[in-house]
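To keep things clear, I will list the structure first and then write my remarks on it.
Protein chains: 4
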Amino acid sequence: MARKINVGIVGAGRIGRVHAQNLAFRIPEANVIAVADVVVEAAERLATDLQIPAVYKDHQAMLDDPQIEAVVICSSTDTHAQVMEDAAAAGKHIFCEKPIALDLARIDHALEAVNNARVKLQVGFNRRFDPSFKRVRDMVATGELGAPHILRITSRDPQPPPLSYVKVSGGIFLDMTIHDFDMARYLIGSEVEEIYAAGSVLVDPAIGSVGDIDTAVITLHFTNGTLGTIDNSRQAVYGYDQRVEVFGSKGMALVANKTPDEVVHSDADGVHSARPLYFFVERYTEAYVEEMREFIQCILEDKTPPVTGVDGRIPVVMGYTAQKSYAENRPVRLNEIDA
Amino acid sequence: MARKINVGIVGAGRIGRVHAQNLAFRIPEANVIAVADVVVEAAERLATDLQIPAVYKDHQAMLDDPQIEAVVICSSTDTHAQVMEDAAAAGKHIFCEKPIALDLARIDHALEAVNNARVKLQVGFNRRFDPSFKRVRDMVATGELGAPHILRITSRDPQPPPLSYVKVSGGIFLDMTIHDFDMARYLIGSEVEEIYAAGSVLVDPAIGSVGDIDTAVITLHFTNGTLGTIDNSRQAVYGYDQRVEVFGSKGMALVANKTPDEVVHSDADGVHSARPLYFFVERYTEAYVEEMREFIQCILEDKTPPVTGVDGRIPVVMGYTAQKSYAENRPVRLNEIDA
Amino acid sequence: MARKINVGIVGAGRIGRVHAQNLAFRIPEANVIAVADVVVEAAERLATDLQIPAVYKDHQAMLDDPQIEAVVICSSTDTHAQVMEDAAAAGKHIFCEKPIALDLARIDHALEAVNNARVKLQVGFNRRFDPSFKRVRDMVATGELGAPHILRITSRDPQPPPLSYVKVSGGIFLDMTIHDFDMARYLIGSEVEEIYAAGSVLVDPAIGSVGDIDTAVITLHFTNGTLGTIDNSRQAVYGYDQRVEVFGSKGMALVANKTPDEVVHSDADGVHSARPLYFFVERYTEAYVEEMREFIQCILEDKTPPVTGVDGRIPVVMGYTAQKSYAENRPVRLNEIDA
Amino acid sequence: MARKINVGIVGAGRIGRVHAQNLAFRIPEANVIAVADVVVEAAERLATDLQIPAVYKDHQAMLDDPQIEAVVICSSTDTHAQVMEDAAAAGKHIFCEKPIALDLARIDHALEAVNNARVKLQVGFNRRFDPSFKRVRDMVATGELGAPHILRITSRDPQPPPLSYVKVSGGIFLDMTIHDFDMARYLIGSEVEEIYAAGSVLVDPAIGSVGDIDTAVITLHFTNGTLGTIDNSRQAVYGYDQRVEVFGSKGMALVANKTPDEVVHSDADGVHSARPLYFFVERYTEAYVEEMREFIQCILEDKTPPVTGVDGRIPVVMGYTAQKSYAENRPVRLNEIDA
C-alpha cells in the first residue's frame, strides 16, 4: 500500500462533509485524522459519523498536530484567507473552497503567504473536474474544435439561497457567476479582458430589496477574440441547469445536463424524461471526488495542483468587473478593477 | 372549389422561386398568373418551369393587369419600397420579403402608401411560421412558461454569403440578426428597449476588410424585464444552427435543430446522427408554405396579416441600434435611433 | 416543360385522396385527369376539390380513355387484382396499394397479366421511401454496418381500426405486419425463410371475439443468418410508433420516431417533448410523395419501379406463414405456405 | 456510529474486488475483515490493496472465524453451491454471485441448506439495483404504464469472453441471457411460462466450434399474457448495449444506455456523442454498490433480501428452457424442464 496523506478538515458544514466523506471513503490515499469547527458540535457529529479521531474548535490547535500534512478549508468565506495563512505558516498543503476572499488585497496577502511557505494550494473550482467539461476543455486545447469563436454558459440554480445568505454572499456575480467565470477561462484557455453585465430582479423582489439581482446575462470579451455569453438565474423550477457550449471554426461541443436516470416515458401527453440532478452535491458528486483525488495526488507526486491561487483570484476580479458593469450599465475592462 | 387569389411574383430569384412553387403546388387557393423580373430571362425560366402564363420585365406593367389581386415582392432589397408603393397604388395586396428597406424614412413612406391604399401587407419573417417556434410563442402567450426571464437565440449560417453581397447587405445586424430580432419580439411578446452588441471578425478577414463582422453576441433588454442574448456566426461547419430557448418562472422551452432524417448510428467511434438541415430553404420549407398560406387566407377572409408593416420596421430599428452599440461599444436604447 | 404523365385514380377514399393530392400539387410531372369510384359521390367530391376533369363510377370506363397512361389503384383490397388485370389489358402502367390480394393464386394471376401486358407495376409499400429507412437500407447495402446480425422492428398503431374493418382485414399479420415484413426484406436485403409468431389479445377483447389478435411478437429467420424480431400493437396511447434497428458486425443504426415539432419543455415535472406524428398520413407524408414521384419517373424514364410485383407478393406469403405459426404455436417455414 | 457488519470475501477475482472495494469504501456499515481464494496470491493482493486484515486459502478456515457475520461468494461458478452450504452451516449470511449452480438439484440442495440455517441469502442480480430499471419496475408495479403488453430487452456485450470461458460457461443462455431472464421477471412482475429461442453463430465461428452460439433472439410468454423479446449478441462494436422497454396499455417506458459524459459534438460529418459505458463494471458501478448496501441493510434490519434464492433459481430454469427450445427449434414450456 502506498503512503497515505493525513488530512484535517476545517469547517464541518455541508461542503466540509462532502470532502470529508470523499477523502474517507473514495480516496484510499488519504486519511482524515482531524476536523475543526467553531461550532464544535458540528465537528463532533462529523467525526462520529466518519470515525475521525480528533476534533477541534480552533483550527490553529489542529494545525499544531505535526501528523497533519494537508488541510481542506471549508469554513465560512470570511475566514478562508486567515486559515490559509495559518495553514501556510504551519507548513500544511492547502485545499481551499472558493472564493479565497471577497477582498483582492486580502487574497493577495494570503497567496503571498502560501507562496513563501512553498506549500501546495488548490482552489475549489470543482466543475473543472466534471468529465464532460474536461472533455470540452480538451477539445479546445487540442484544436479539435478549431479556433474558439463563441462560448455559451447557462448556469441556473434550482432555488435561491436564504435571504440571510444573499445579504453576505457578495452578490450574484461573486457568489454564483464566479463558477462560470472560472469555467469560461478554463474552457477557452484565454483571459477575459472586458465584461458587460445585464441584470434583473425577476425571481423574487426580496432579493432586490437587499440590493442584489437574481437574473443575469453577461457578455465576455476574451483576449483571443472569442465572445462569450453567460446566463444565470437563481431559480429554475426544473432544477439545476448546467450547460456549456463552445463553438469554434471546426465544430461545436455542448454539454447537456445530467439526469438521475435514463428512463424515457411516452404516454398520451408526450414523451418525458427526468429533470436534471437536483443541485451541486448531486450534479458534481464525481467531480468533488476527482478534485480531491487530484489534490492528494499532487501532494504525493509533488506536482502543482490544477487550480492555482491565480485561478482562484481572477474570477473574483471578474465578479467585481461584472458588478461595476451592471451598476454603470456599460462594458468594463478588468484592468479598471485590477490595474 | 373556393375562390382563388390571382398572384403576381416580382423577382424571379431564389426566394421568388420558392414562393412561386409554394403558391403553384402547395396552396390550392392561389393561382400564380404572372412573374416580373428586370432580368427577363429569369422570369421566363420560372414561368416555363411552373407554367405561369404571363411574363414581364417591368413590374409596373404587371401591376396594370386587373386580374392580379396580390403581389409577392422578392426583388432586390433596394427596390422593395418602390414596388410596394406601386402595388399599393394599383390596389394590390402585398407580401414583401424582409427588409422593406434599409432606410427608415423610406420604410415609413412605403407603409404610409400601403395604409392609405387600404391593401393588406405581410412582411416575410418566415421563421414565425415554423411549428416549433410557434409552439414556444404560444407557451409564452398562454402563460405556460410563466413570466419570461431569459431568452436565448442561436443563429448561425452554414457559410458566409459572397463578399459582393456582404458589401451591400447593410451589415450582419441588418442582414442576418434582423431575423433574430423579429424572433425575439415574436417569442417574448414585448418590445426591446436597449441593445448591447459585441462583435468580432473570426470567420474570414475579408469580411472585416469590407467593414463588416462575422461573429456577434448581442444582449437585449425588454421592456417587461426579460433579458435576451443572441449569438450569430456567418459560418458553422456543421450547418445551419437555429435554436431558441425561453426560460420563464414556470419552466423552459427550447427548440432543437431539425434534421433530414432520424437515423442514429452507433459504431466503434461513438453515436452519430445527422447534421441540421442545410440552410433556410431546407430548414424552413414548411414555414415558407405556411406564411404564404396565411397571407392568401388573410386576403380570402379579409383579416389582418400576422406580420405587419410595423413588424417589418422595428427589426430594422433594432439593427441600427445594434450597429451603433457595436461601433461605440456601449448599450444603446432604441429611441436613440428612432425617437 | 418536360412531358407530363396523365393519371387516373381508382378509389376516392382516404389513401386515394392522398395520392391524388400529391400527384396534383407535389409532382409537376403528373396530371390527374380522372377519378373513378363505385361510390360516385366520393369521386365527384375529390374531383371538385382537386379540379380533376373526369369522374367515373366504373373504373373500366376510365380505362377506355386513351389519354390515361397510368392508374393508381386505391379501391378496396378485394378489387385490387381485378382492376390491375383490367388496367394491364388496357395497357396502362399501374401503381397498386398493398396488398395486391389476400389470395396467392389471385395475386399470381394478376401479376401474370401485368407481365404479359409489359406495363409497369409498383406496389404501395410507402415506408421504403422514408429518408430514414432508406438511409439504413443503404448502410446495410454498402456494408457500412458490416454483416447484419439482428433486426428489430417496432410497429404500433395509435388505435385499432373499426371492428367492421378488422373482420375483413385478413388479420393483423396480413393487414398490419405486412408492412413490417416488407421493411424486413428491404432493410436486410435477404429473404426470410422461417417465422415464429406469438400473439395475444390485450388491447380489446372484441378483437379477439372476431378471431383476430391485437398484440404480436414475431421472430424472423433470414437465409443469410440474420435474426429479426417484430413487435406489433394495435394501440399505443402515445401514438404511431415506427422504429427499426439494424445491428451488424460493424455497428448499429436505428430510426427514431418523427415528431411534429422540435420543442423540448422542462418544468417541475420533468423534461417533455412531442409525441410521434399521429398516424401514417402524417408520419409518411413525404414518403407518399416520394413513392409516387418515383413511379412517375419510372414511366418517364422507362425504368423498373422500385417495389415490384414480387415485392408485393412475398409479404403476403409471410403473413400466411405467421398466421400458421401463431395458430400452431411453432416456427413455420415459408415454403410450407408457398412451396 | 451504528453497528457494522463484518464481511468475508470468497474469491478475489474481478467481481470479488468490486464487491470488496464497495464494502470497504462505499458502505460505512460494513467492514471487510477477511478474504479467501484458492489462489492465495490473489487474496493477498486484494488484502494488501484494501487493508483487509485476514487472508485465507481455504474458505472453510475463514468461515470458522466467529467475528464474520456475512460472506460474499465470488469464487468460480462451480464452487458457489458448496461454499453456500458451508457458509449456511457456519451460520453466516450469504451474498452469492449468479448463478448459484448450473445444476438444478445442486441449487435446490444449497437453498435447502440456507433455509434450514435460517441465514439470509441474496443472489447477485445486480441490474435490478440500477436506478433506471428500478424506476421502470416501479412504473409497472404502480400501474403507471397500465397492463404490460410487450417487453423488449436488448443486451449485447462489447466483446466475447475468452473461448476457454465460453466452454465452461454453460452456454449463452445460462451465462449471458440469465441476466435478461431475471430482468424480465423483475420488470413485469409475472412469471414466464414458455420460451422460444432462435440463435446463430455470426460473431465468431470459434464460438460455434465449441457448441455455443453468439447471437440470439428469444420470445417470452408470460402467464399474465405479456409478450417479451430479448436480443443478445456477444459483440457490439460500439460497446455494452443494455436497453429495456416496457410497453403497456397506458404508455411505454424505455431505458437508454448510459454514457461516460454528456458531450454532444457537431462537426462537418454530423452530430456525435459518446459510446455507452464500456462493460458491466463501468455500467453498473452504482448498482453494485446499491445491491451490497441493501444486503448489509437487510442484515442490520433483519429483512428478507430483495433477490431471493428462488429468484436465483428460476432464471436457470429459463436458461435450460431456452437451450432446449433452440436445440429443438420449437417453443418450450418451463415445466418441461422443471415439472
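Protein chains in written order, with our numbering: chain A, 1 to 339; chain B, 340 to 678; chain C, 679 to 1017; chain D, 1018 to 1356.
Where a beta carbon is used, it is the ideal one built from N, C-alpha and C, also for glycine.
| Item | Value |
| --- | --- |
| Just confirm the distance between the C-beta atoms of I778 (chain C) and N684 (chain C), as a whole number of angstroms; I'd bet it's less than 8 Å. | That belief does not hold up - the Cβ atoms of I778 (chain C) and N684 (chain C) are roughly 24 Å apart, past 8 Å. |
| Hey, how far is the Cα of E719 (chain C) from the Cα of A427 (chain B)? | 44 Å |
| At 3 residues or longer, and completely inside the stretch 1064 to 1147 of chain D: list those beta strand (DSSP E) runs for me, N to C. | 1071 to 1073, 1087 to 1090, 1110 to 1113 and 1138 to 1140 |
| For the stretch 186 to 203 of chain A, list every residue whose C-beta sits within 7 Å of some C-beta in chain B, in sequence order. | Y196, A198, S200 and L202 |
| Using beta-carbon positions only, say whether R622 (chain B) and D1286 (chain D) come within less than 9 Å of one another. | no |
| Would you kindly check if the distance between the Cβ of M62 (chain A) and the Cβ of A105 (chain A) is under 9 Å? | no |
| Check the Cβ-Cβ distances between M1269 (chain D) and every residue of chain C, and say whether any is below 9 Å. | yes |
| Classify M679 (chain C) as buried or exposed, calling it buried when 16 or more other Cβ atoms lie within 10 Å of its own Cβ. | The predicted position of M679 (chain C) is uncertain, since its pLDDT is 47 and thus under 50; a value taken from the coordinates is nonetheless stated next. M679 (chain C) should be labelled exposed. |
| Compute the Euclidean distance between the alpha carbons of R127 (chain A) and P53 (chain A), then round it to the nearest angstrom. | 31 Å |
| Work out the CA separation of I546 (chain B) and M515 (chain B) for me, nearest whole Å. | 14 Å |
| Would you mind telling me which residues of chain G sit closer than 9 Å to E291 (chain A), beta carbon to beta carbon, in chain order? | The chain inventory of the structure shown lacks chain G, comprising the protein chains A, B, C and D. |
| Compare the C-beta of Y956 (chain C) against all C-beta atoms of chain D and say whether one is closer than 9 Å. | no |
| Opposite F1264 (chain D) in the DSSP bridges: which residues? | D:I1167 and D:M1269 |
| Using 9 Å as the limit for Cβ to Cβ distance, is G1163 (chain D) near chain C? | yes |
| Report the rounded CA-to-CA distance for R1034 (chain D) versus G1163 (chain D), giving the unit in angstroms. | 41 Å |
| Does P205 (chain A) have its Cβ less than 9 Å from a Cβ in chain B? | no |
| Using a Cβ-Cβ distance cut-off of 9 Å, determine whether Y238 (chain A) contacts chain C. | yes |
| Check whether the Cβ of D1007 (chain D) lies closer than 9 Å to any Cβ atom in chain B. | Summary: the structure shown does not reach residue 1007 (chain D), with chain D confined to residues 1018 through 1356, and so no result is reported for it. |
| So the beta strand (DSSP E) T177 (chain A) belongs to, where does it begin and stop? | Not the beta strand (DSSP E): T177 (chain A) falls in the alpha helix (DSSP H), residues T177 to I188. |
| Would you please state the rounded distance, in angstroms, between the beta carbons of F125 (chain A) and Q323 (chain A)? I believe it to be under 8 Å. | F125 (chain A) to Q323 (chain A), Cβ: 20 Å. No contact. |
| Quick one: give me the first and last residue of the beta strand (DSSP E) that D311 (chain A) is part of. | Here D311 (chain A) belongs to no beta strand (DSSP E); instead the alpha helix (DSSP H) covers G309 to E328. |
| Which residues of the stretch 694 to 722 of chain C have a Cβ closer than 8 Å to any Cβ of chain B? Give them in chain order. | F703, R704 and P706 |
| Throw me the rounded Cβ distance for the I213 (chain A) and G199 (chain A) pair, which I believe falls under 8 Å. | 4 Å |
| With 9 Å as the threshold, decide whether the Cβ of I1022 (chain D) is near any Cβ in chain B. | no |
| Return yes when the Cβ of S868 (chain C) is within less than 9 Å of the Cβ of V1220 (chain D), no when it is not. | no |
| So, helix, strand or coil for S842 (chain C), using DSSP? | helix |
| What is the DSSP secondary structure of E1318 (chain D), counted as helix, strand or coil? | coil |
| Rounding to the nearest angstrom, what Cα-Cα distance links V1157 (chain D) and S1092 (chain D) in this structure? | 35 Å |
| Below 9 Å between beta carbons: does that hold for S842 (chain C) and D919 (chain C)? | no |
| Using a Cβ-Cβ cut-off of 7 Å (strictly less than) and excluding sequence neighbours within five positions of S1003 (chain C), which residues of its own chain qualify? | I873, Y874, A875, P1009 and V1010 |
| Are the beta-carbon atoms of V710 (chain C) and I687 (chain C) separated by less than 9 Å? | yes |
| Hey, A690 (chain C) and A714 (chain C): beta-carbon distance below 9 Å or not? | yes |
| Between P993 (chain C) and F472 (chain B), what straight-line distance do the alpha-carbon atoms span, to the nearest angstrom? | 42 Å |
| Between the stretch 1191 to 1203 of chain D and chain C, which residues of the former have CB atoms less than 7 Å from a CB of the latter, in chain order? | none |
| Excluding sequence positions up to five away, which residues of its chain have a Cβ less than 6 Å from the Cβ of N563 (chain B)? | S529 |
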